[in-house]
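For the sequence shown, our numbering begins at 5 and goes up steadily by one.
Glycine included, each C-beta is placed from N, C-alpha and C at the ideal position.
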Amino acid sequence: WIKCRTFSQNTWILFLVLAQTFLIVCNESLMLEKLPRCGKSFEEMMKKVDSKKWCNLTEFIPYYDNFSLCTEQEASAARCFWPNRLAQGFITGIHKQFFSNCTSEKVHWEDPPDEILITLILIPVLLMVAMISLVVWCSKRSDILV
Numbered sequence: 005w006i007k008c009r010t011f012s013q014n015t016w017i018l019f020l021v022l023a024q025t026f027l028i029v030c031n032e033s034l035m036l037e038k039l040p041r042c043g044k045s046f047e048e049m050m051k052k053v054d055s056k057k058w059c060n061l062t063e064f065i066p067y068y069d070n071f072s073l074c075t076e077q078e079a080s081a082a083r084c085f086w087p088n089r090l091a092q093g094f095i096t097g098i099h100k101q102f103f104s105n106c107t108s109e110k111v112h113w114e115d116p117p118d119e120i121l122i123t124l125i126l127i128p129v130l131l132m133v134a135m136i137s138l139v140v141w142c143s144k145r146s147d148i149l150v
């Protein structure tokens, strides 16, 4: 009976220890205190890039990668998941600061002229009709295949 009781107490203690390690409490104030360091570092790196090239991802991708890793590490150090709403809010602020004038140019597709469109539709249709006719004709003339 003593062994069972000891086992049960040990099990309970083990459970509590494991529960504490799995219980992650995000320290949001610490994360919000540390994230601006990432923004400051990104801002310093972006000063090296001409502001006219801020919309060209290839010009600053290494800096943005460092910024992203920094925010992830700071969130992790504060025992917070990443991304989370606070980190996303901070990242969105950085995006507004640097990339608010970047717009994607949408290509407006137009149909080709009617003559070309009709030709592009009729060619495959006529080819299918020709192939079906050829198969039917060959199946009726099975004597030439033997």
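E78 counts as buried, since no fewer than 16 other beta carbons sit within 10 angstroms of its beta carbon. Look at T107 here: in three-state DSSP terms it is coil, with no helix or strand label. A91 places its beta carbon 7 Å or farther from that of N31.
According to the DSSP assignment, F71 belongs to the alpha helix (DSSP H) that extends over 61 to 81. The Cβ neighbour count for T75, taken over all protein chains shown within 10 Å, is at least 16; the residue is labelled buried. With three or more CB-CB distances shorter than 8 Å, the stretch 99 to 112 counts as touching the stretch 58 to 76.
For a cut-off of 8 Å, the C-beta gap from L39 to F85 is around 14 Å, too long to register as a contact. DSSP, read as helix, strand or coil, puts W141 in helix. Judged by DSSP secondary structure, E47 falls within the alpha helix (DSSP H) whose first and last residues are 32 to 50. For V29, the closest of S80, M50, C42, R145 by C-alpha to C-alpha distance is S80. Shown here, D118 sits in a helix according to DSSP, grouped into three states.
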